[in-house]
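Notes to accompany the following structure.
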Amino acid sequence: MLVVMSIGHAEARQHLRVVSDIPPVHSLVASVSAGVNVPTLLLDSGHSPHHFSTKPSHAKLLQNADIVFLLGGTLLPQLNTLSNSVIKGESVVSLMDLPGTKEADNFDGHIDPHAWLDPRNAIVWVRQIGDEFIRLDPNNKTIYTNNVQESINSIEQTYTEIKALLKPFRSSPYLVQHDAYNYFEDAMLLTGGQAIARSDARLPGAKKLREMRKQAQQAHCLFTEEQHDASFIDVVSGDTNARRATLDPLGTRLAANATMYTTLLSNLAMTMADCLSGENKN
Ligand SMILES: [Zn+2]
1 MLVVMSIGHA
11 EARQHLRVVS
21 DIPPVHSLVA
31 SVSAGVNVPT
41 LLLDSGHSPH
51 HFSTKPSHAK
61 LLQNADIVFL
71 LGGTLLPQLN
81 TLSNSVIKGE
91 SVVSLMDLPG
101 TKEADNFDGH
111 IDPHAWLDPR
121 NAIVWVRQIG
131 DEFIRLDPNN
141 KTIYTNNVQE
151 SINSIEQTYT
161 EIKALLKPFR
171 SSPYLVQHDA
181 YNYFEDAMLL
191 TGGQAIARSD
201 ARLPGAKKLR
211 EMRKQAQQAH
221 CLFTEEQHDA
231 SFIDVVSGDT
241 NARRATLDPL
251 GTRLAANATM
261 YTTLLSNLAM
271 TMADCLSGEN
281 KN
C-alpha cells in the first residue's frame, strides 16, 4: 500500500489509508478490510500500551489517515488526545464507545479498558467497522459484507470452543499479573481469578499486596505476562508452589494479521487450561 501511495497515482484513491492502535484492534480491522485495505498498526509490538508515549511519526500517520480505529476508553489516553487534536472527528472510531459494547469493572471499580478480551465485544465492533468501510468505500460493499460475516463466524466458533475448554476451571483459583481479564472472565464464566497490579499496570498498595500473598497460597496458577516485568510476582508469590505460565493478552508474540485476534483468544484459553489442569504443582 505504501508503494502505491508514494507513486501518487489516481489508483491510490481506491484504497483507504487505515490506521489502528493496538494489535487486537488492528486484527479485527484487517479481517473486515481483507482484500481491499491493509491497516497500519500504531503500537509497536512488544510494548505495553500502559507505557506508551506518542511520537511525531504517530501524529503524521494519524493526520494522513482516511479512517482511524482506536480501542478508546482509558488504555491509551495520550493517543486519544493526539487523535482528537490532529484528525477530523468523523474519521475516528473509538470502539469502546460504539453502541452495544459490554463494560466490565476492574477491582478499583472503574471500567476495565481491556474490552477486546470479550469476544462478544469483538463481534459488535466487527459489524460496525464493516459499516464504516461501506460508508467510506461503497464500491467494495460486497467484499466488506462477506468479510464481516466470515469474521463473526470465526469469532463465534472460537468463543464456543474456548468456553468449553475452560469449563472445568470456572471456579479454579489463580492470580494474574495485572487487572486485565475482567472481560475474559465474564465471557468465559471464570470466577477464581485475582489480579495483583491495577488495570493500568501500576502496583497496588501494601495492604492489597498482603492480601494477595494470602491468595497466592491458594492459587493453582500464577499467570505472568509477556509485556510486563514479572519480578514483582515473586514478591507476592513467596514460597507458594503454584504453577506458572505466561499470558499474552495483547497478542504481541503473534504476527499482526486478520486471524491474530482469534489466535490470541485461543492461546489465552489454552495457556490457562494447561496450567490449571496440572495435577502436580511444579
Ligand atoms: Zn493492560
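Last residue of the sequence shown: 282 (the working numbering), numbering continuous. Glycine included, every Cβ here is placed at the ideal spot set by N, Cα and C.
DSSP, reduced to helix, strand and coil, places Phe-107 outside both helices and strands of the structure shown, so it counts as coil. These are the residues, in chain order, with a beta carbon less than 6 Å from any non-hydrogen atom of ligand 1: His-50, His-114, His-178, Ala-180 and Ala-201. Under the DSSP assignment, His-178 falls in the beta strand (DSSP E) whose first and last residues are 174-178.
Checking the DSSP bridge columns, you'll see Gln-217 has no partner listed. Residue range 67-70 is occupied by the beta strand (DSSP E) that includes Ile-67.
Along the stretch 12-62, the alpha helix (DSSP H) occurs as fully enclosed runs of 4 or more residues at 23-33, listed in sequence order. By alpha-carbon distance to Lys-167, the top candidate from Ile-152, Val-176, Ser-91 and Glu-185 is Glu-185. Short of 7 Å from the beta carbon of Met-260, and not among the five residues preceding or following it, lie these beta carbons of its own chain, in chain order: Pro-23, Ser-27, Gly-251 and Leu-254. Annotated three-state conformation of Thr-240 is coil, per DSSP. Three or more Cβ pairs closer than 8 Å define a contact, and the stretch 73-83 falls short of that threshold against the stretch 148-158. Ser-231 counts as exposed, since fewer than 16 other C-beta atoms from the protein chains shown sit within 10 angstroms of its C-beta.
Exclusion of the five residues before and after Ile-87 leaves Leu-62, Gln-63, Ala-65 and Val-68 as the residues of its chain whose Cβ lies within less than 8 Å of its Cβ. Taking the C-beta atoms as reference points, Leu-71 is found nearer than 9 Å to Ala-115. Boundaries of the alpha helix (DSSP H) around Ile-129: 119-136. In this chain, the alpha helix (DSSP H) harbouring Ser-151 covers 141-166. For His-50, the closest alpha carbon among the candidates Glu-226, Arg-210 and Ser-199 is that of Ser-199. Nearest C-alpha to Asn-267 among Tyr-144, Thr-158 and Ile-134: Thr-158. In this structure, the straight-line span from the alpha carbon of Pro-119 to that of Val-25 is close to 12 Å. A residue is called buried once 16 or more other Cβ atoms fall within 10 Å of its Cβ, and Leu-189, having fewer, is exposed.
Straight across, the Cα-Cα distance linking Asn-182 with Asp-112 is about 7 Å. Beta-bridge partners of Gly-193 (DSSP): Tyr-174. Straight-line spacing of the CA atoms in Gly-73 and Asp-105 works out to 12 Å. Here the C-alpha atom of Ala-34 lies approximately 7 Å from the C-alpha atom of Ala-258. The secondary-structure analysis by DSSP pairs Val-92 across a beta bridge with Val-68.
In this structure, the straight-line span from the alpha carbon of Glu-161 to that of Asp-274 is close to 15 Å.
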